[in-house]
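Visitor: Using numbering that gives the first Met the number 0, you'd call the opening residue of the sequence shown number 0 and step up by one each time.
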Amino acid sequence: MHKNTQNRLLNSVLITLGLLLIGGCATKTITYTQYDFGPLPIVASAAVSPAETATLPALSLSLADVHAPVWLDTTMMMFRLAYANDLQPRPYATTRWSMPPPQLFSQRLKARISLAGGTVVSLSDGAVNLPVLRIDMDDFSQTFDSASHSVAQVSIRASLFNGRVLAAQKTFSRQIATPTADAAGGARAFATANDAVIDDLMAWLTRLPVKK
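(1) Helix, strand or coil: which one does DSSP assign to S172?
(2) Which residues in the same chain as F143 place their Cβ atom closer than 8 Å to its Cβ, once the five residues preceding and following it in sequence are excluded?
(3) Run the CB neighbour count on L60, radius 10 Å, all protein chains shown included, and call it buried at 16 or more, exposed below.
(4) Could you check what DSSP says for M98 in three-state terms: helix, strand or coil?
(5) Work out the CA separation of A195 and L214 for me, nearest whole Å.
(6) When you compare only the Cα positions, how much space is there between Q33 and A183?
(7) Would you identify the three-state DSSP class for I134, choosing helix, strand or coil?
(8) Does the beta-carbon of V164 have 16 or more other beta-carbons within 10 angstroms, so that it is buried, or is it exposed?
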């Protein structure tokens, strides 16, 4: 009887320990490192000349939601291994954007136009008689051509509408080498590439016969 009692106690202890381990695994959460584009740049790049920037206060736009493929419309930071399989976008395990890249781009674009003296409102606000800018994000990924070197690629397609009429359309793309071949280096390069694309986009808009 004494041996049976010991066995029962041992089994009870083992079951309790097992339940504690399972409970611990169930409540364990992954801590993600989050990135955004950082502070707004104080000085625009050479893509926008002072003369072009000066015309922005008269420019008013209605901005539609930025569209992107499903694999980009997420907070996951994506990368490709060009030396292994460049057809497969992969997510970093413990690194995330603070919001999906389309939203980060839209937020940054609105801030940059406002900073330059222009006016931009969301399409959902229902503003009338304003040209509508629609943006499709085609790529926003970090590509490794080797284990020690990568570039951040930002590609968008901008379409400007006056009412239902397509007034102009253009593709913008920037590729910036990352300072380090990791997620942190990718985030820094993306911030630079993203602002460069916005510079190019703003310069293009100022040269268009946009209805004011």
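Glycine included, each C-beta is placed from N, C-alpha and C at the ideal position. In this text the structure is predicted, and so the values were computed from the model without any measurement.
Guide: Quick look at the numbers:
(1) Strand, per DSSP.
(2) Excluding positions up to five away in sequence, the list reads F78, R79, L80, A81, Y82, S149 and A180.
(3) buried
(4) coil
(5) Any question about residue 214 goes unanswered here, given that the chain covers just 0 to 211.
(6) Each residue's Cα considered, the two are about 10 Å apart.
(7) Three-state DSSP puts I134 in a strand.
(8) exposed
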